[in-house]
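Student: 27 is the number that numbering that gives the first Met the number 0 gives to position 28 of the sequence shown; each next residue is one higher, with no gaps.
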Amino acid sequence: MKKPGAITVKKITRESGEWRTRFEAFYSDCEIKRVDDREHAYFAAYSGDEIAGHSVVYLEEGRWILSGLRVKPEFRERGIAKLLTEARLSYAIGKGAREIWYACDDGNLVTICCHVRYGFEKICPDSHHCTAATAHWYRLKVTPGLFKKFPGVKPPAAGGKA
């Protein structure tokens with residue numbers, strides 16, 4: 000068995016045609032929310048030149064929202080979701096986020112477990128009428144404790160917004 004290579008996470012700085020083709024192929028069997036028309040950042044995890052995982056964070060109606068977290072099956076259980084989540088959290092915090100959101104189906108226990116460990120709590124936004132069974136939104140309040148517990152999540156630079 001081939002030894003797995005090191006994983007690196009990079010912010011996609013140039014959403015070129017070549018990158019877009021790889022992105023579309025990565026999500027070809029599922030739906031992903033298009034965020035090109037709003038402030039956003041894509042992050043990809045690579046094993047060598049191969050995309051092992053991908054995710055996005057975007058700003059919508061004043062809220063930073065995590066979305067599109069996906070790791071290829073052959074790369075799972077290697078901490079890639081954690082690396083991608085911490086990259087997105089750090090990005091949003093660097094942009095001044097005091098809370099960060101994500102939504103998922105209640106049956107997506109892998110994603111829920113990945114995010115709950117950071118302190119995300121299931122809530123119902125003010126604009127909805129939810130029950131415990133129908134609330135699918137999770138919110139993380141950015142506190143100093145987050146940076147202590149998860150050193151991979153970076154606080155804003157001195158003089159930053161948060």
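Think of the CB as a built atom: it goes at the ideal place given N, C-alpha and C, for glycine as much as any other residue. All values derive from a computational prediction rather than experimental measurement.
(1) Is the separation between the beta-carbon of Glu59 and that of Gly151 shorter than 7 Å?
(2) Distance, Cα to Cα, Phe74 vs Cys112?
(3) Give me, in chain order, the residues of the same chain whose beta-carbon lies closer than 7 Å to that of Tyr57; leave out the 5 immediate sequence neighbours on both sides.
(4) Going along the chain, which residues of its own chain have a beta-carbon closer than 7 Å to the beta-carbon of Arg87, five neighbours each way excluded?
(5) At the level of alpha carbons, what is the spacing between Pro155 and Ser27?
(6) Hey, quick one: how far does the beta strand (DSSP E) through Ser66 stretch, first residue to last?
(7) Assign Gly52 to one of two classes, buried (16 or more other C-beta atoms within 10 Å of its C-beta) or exposed (fewer than that).
(8) Return yes when the Cβ of Ile79 is within less than 7 Å of the Cβ of Ala91, no when it is not.
(9) Go ahead and label Ala108 buried or exposed: buried means 16 or more other beta carbons lie within 10 angstroms of its beta carbon, across all protein chains shown.
(10) Going by DSSP, what residues sit across from Glu98 in a beta bridge?
(11) Suppose you measure from the CA of Asp48 to the CA of Gly61; what does that come to, to the nearest Å?
(12) Output yes or no for whether 7 Å exceeds the beta carbon distance between Ala44 and Leu83.
Tutor: Taking the structure as given:
(1) no
(2) 18 Å
(3) Val34, Arg37, Glu38, His39, Ile64, Ser66
(4) Phe42, Ser54, Val56, Leu65
(5) 35 Å
(6) 62–70
(7) buried
(8) no
(9) Looking at the sequence provided, one finds Leu at residue 108 rather than Ala. With fewer than 16 other Cβ atoms within 10 Å, it is exposed.
(10) Lys140
(11) 35 Å
(12) yes
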